[in-house]
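Residue numbers (the numbering used here): 115 to 375.
Note that the Cβ used here is the ideal one computed from N, Cα and C, for glycine as well.
What follows is a short report on a single structure.
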């Protein structure tokens, strides 16, 4: 976790986008196959299963809490998203802990991974457009007035921030709801409550971006070069974020099939 914010901030935004979505989704998908294959989630009565459960429990709580608390202090939006990415990893670990002990344990992981990829693809695509040459305009203050200067970009960014905060009707809400309800169903009520509290903390810095976009005067005018491929990614991610949030059953059904393979 220590290297991630520096790499996210220093790398070109397009590279950061791939790292935060493709690499993390692939890593967690591979971990899920191993986790399910060895049956760690179901066998908590054994010494190994019990020890792994305790380690993952502590890891999930620390990851969610530290990621969100440190993200609160960040002004650079790429560093903020990097620390929030750490917190999102903690939510996914909660899904692993619920595992085979609830109906939607593994399904919730798949749904959340899909939600995570969609949200971050869209958010980093907007950061990339606004970054201009040399990845400038990555301070939160640079987003002041974005909702009025570029209404469509502002709307898209607001949708992604709401989704990351887990606010309905977005795919982020559907993912978090499944993760948290699976934890409760698995008897991990304390863990679920802590996860909800950490999610509430994250709402502050996500909503702060929206406040700057719609309630702050722009510091300087910035031109945006609308590249067609990036614009299409933003449009598709916005539609998917709202579409899967309003109608999550199709995504849940597909995720349940994927988790059972």
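Count the other CB atoms within 10 Å of the CB of residue 362; is the residue buried (16 or more) or exposed (fewer)?
With 16 or more Cβ atoms within 10 Å of its Cβ, residue 362 is classed as buried.
Would you mind reading off the limits of the alpha helix (DSSP H) that contains residue 65?
Nothing about residue 65 can be read from this structure; the chain reaches only from 115 to 375.
Determine contact between the segment 222–229 and the segment 277–291, defined as no fewer than three beta-carbon pairs at a distance below 8 Å.
Contact between the segment 222–229 and the segment 277–291 is present, because at least three Cβ pairs lie under 8 Å.
When the Cβ atoms of the segment 165–184 are set against those of the segment 202–212, are three or more pairs found closer than 8 Å?
Contact holds: three or more Cβ-Cβ distances are below 8 Å.
Would the beta-carbon of residue 144 fall within 8 Å of that of residue 312?
For residue 144 and residue 312, no; Cβs fall outside 8 Å.
Counting Cβ pairs, one atom from each stretch, are 3 or more of them under 8 Å apart for the segment 260–278 and the segment 318–330?
Yes, since at least three Cβ pairs between the segment 260–278 and the segment 318–330 fall closer than 8 Å, the two stretches touch.
Sort 132, 220, 164, 167 by Cα distance to residue 367 and report the nearest one.
Looking at the Cα atoms, 220 is the closest of the given residues.
Please report the Cβ distance between residue 182 and residue 315, rounded to the nearest whole angstrom; I am assuming they are in contact, meaning their Cβ atoms lie under 8 Å.
Indeed, because the Cβ distance is near 4 Å, the residues count as touching under 8 Å.
For the segment 130–203, list the alpha helix (DSSP H) runs that are entirely contained and at least 4 residues long, ordered along the chain.
The qualifying runs are 138–152, 161–186.
Starting from residue 371, trace the alpha helix (DSSP H) both ways and give me its first and last residue.
Per DSSP, residue 371 belongs to the alpha helix (DSSP H) from 363–374.
In whole angstroms, what is the alpha-carbon distance linking residue 133 and residue 283?
Approximately 27 Å, taken between the alpha carbons.
Which residue marks the beginning of the alpha helix (DSSP H) containing residue 303, and which one marks its end?
Taken as a continuous stretch (DSSP letters only), the alpha helix (DSSP H) holding residue 303 covers 303–329.
Out of 351, 189, 322, 353, point me to the one whose CA is closest to residue 279's CA.
Answer by Cα proximity: 322.
Restricting to Cα atoms, I'd like to know which of 237, 184, 254 is closest to residue 272.
Checking every option, the nearest Cα to that of residue 272 belongs to 237.
Among the residues of its own chain, which have a CB less than 8 Å from the CB of residue 170, if the five just before and after it don't count?
If we look at residue 170 and ignore the five residues flanking it on each side, its Cβ neighbours are 207, 210, 211.
Name the residue from 319, 276, 320 whose alpha carbon lies nearest to the alpha carbon of residue 352.
Minimum Cα distance to residue 352 is reached at 276.
Taking the alpha helix (DSSP H) that residue 281 belongs to, which residues open and close that run?
Element bounds for residue 281: n/a, residue is neither H nor E.
Cutting at 6 Å between CB atoms, please list the residues of its own chain near residue 268, excluding the five before and the five after it.
Same-chain partners within the cutoff: 260, 261, 327.
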